[in-house]
Ligand SMILES: Cc1cc2nc3c(=O)[nH]c(=O)nc-3n(C[C@H](O)[C@H](O)[C@H](O)COP(=O)(O)OP(=O)(O)OC[C@H]3O[C@@H](n4cnc5c(N)ncnc54)[C@H](O)[C@@H]3O)c2cc1C
């Protein structure tokens, strides 16, 4: 299968890497230099926040945790485990992901910053993106991806690349990108490309790359009742 992945941020590169690992032919289409992407700015700490549905998020985040923990153990550039402290003003429910992290420990009020009454400590993977992202890109290139630098406004502008499937990983810009297949999220979208308008083979629907829209309140500085501190 020939997959065209739009975007080479964290989501696009991960998608391209996984497709290549499964033996597919991959073309990455991207417009921004790596330092201009949202992914480059991220902290980026493993911590499922304001995402759903929770049963699927628990499965996805556990898979990510296992992979990223392995990266840290193997010395992948920019990947490390990091002691983390989540703090809350109101008593939280035990998070669904608490079984995934190592040694999930409650913190007594004396060990918390001012204004927070509840907290928990645990170790999670952290990626230093200015280091990790170029490494991931080098892995994708080495695995044989073709690279096209192009800004697109419509997915059918990719016809010359002869895709069997297009995976839209254009980040925050993924939503408005018009396309001819009914598929759209803010994180990643697989749009099956069919020469016949009625045939959409199920194997082309890469649902594992599809995530639910994230709540804007999950972004830093947006007035949350909880926070995560790492060090
Ligand atoms: C300060 C900050 C801290 C964060 N901390 C964390 C954290 O601790 N943990 C966490 O999980 N997340 C964190 N995030 C969120 C995380 O960074 C994003 O969810 C993630 O980087 C999104 O990756 P992406 O690949 O979807 O998008 P992006 O990195 O934005 O990549 C989009 C790609 O699409 C391409 N593109 C876009 N439009 C077009 C077009 N029209 N034509 C061609 N190409 C196009 C771009 O060139 C780029 O390659 C943080 C974000 C910020 C800003």
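Numbering (my numbering), first residue to last: 806 to 1036.
Beta carbons are placed, not taken as given, at the ideal position from N, Cα and C, and that holds for glycine.
Using 10 angstroms around the beta-carbon of residue i, count the other beta-carbons present and answer buried if the total reaches 16, otherwise exposed.
i: residue 924; result: buried
i: residue 825; result: buried
i: residue 967; result: exposed
i: residue 817; result: buried
i: residue 977; result: exposed
i: residue 908; result: exposed
i: residue 846; result: exposed
i: residue 868; result: exposed
i: residue 858; result: exposed
i: residue 900; result: buried
i: residue 819; result: buried
i: residue 889; result: buried
i: residue 905; result: buried
i: residue 821; result: buried
i: residue 841; result: exposed
i: residue 898; result: exposed
i: residue 1001; result: The pLDDT assigned to residue 1001 is 32, lower than 50, so where the model puts this residue is not dependable, and the model offers no usable value.
i: residue 948; result: exposed
Let me check one thing: in DSSP terms, what residues is residue i bridge-paired to?
i: residue 808; result: 831, 970
i: residue 954; result: 835
Kindly give me the distance between the Cβ atoms of residue i and residue j, rounded to whole angstroms, as I take these residues to be in contact under 8 Å.
i: residue 928; j: residue 886; result: 5 Å
i: residue 937; j: residue 883; result: 3 Å
i: residue 812; j: residue 975; result: 5 Å
i: residue 931; j: residue 892; result: Not confirmed; about 17 Å, so no contact.
i: residue 834; j: residue 950; result: That pair is no contact at about 11 Å.
i: residue 754; j: residue 844; result: The requested residue 754 is not part of the displayed model; the chain covers only 806 to 1036.
i: residue 942; j: residue 839; result: 7 Å
i: residue 810; j: residue 831; result: 6 Å
i: residue 902; j: residue 873; result: Incorrect: roughly 13 Å between the Cβ atoms, too far for contact.
i: residue 914; j: residue 922; result: 6 Å
i: residue 972; j: residue 808; result: 6 Å
i: residue 1042; j: residue 970; result: There is no way to answer for residue 1042, as the model of the chain reaches only from 806 to 1036.
i: residue 959; j: residue 952; result: In fact, because the Cβ distance is near 20 Å, the residues do not count as touching under 8 Å.
Does at least one heavy atom of ligand 3 sit under 6 Å from the Cβ of residue i?
i: residue 866; result: No copy of ligand 3 occurs in the structure displayed; its ligands are ligand 1 alone.
Inset, instruction - Let me know the beta strand (DSSP E) ranges lying completely inside the region 827–879, each 3 residues or longer, listed in chain order. - result: 830–835
Legend entry - Ordered list of alpha helix (DSSP H) runs contained in the region 884–939, each at least 4 residues: none
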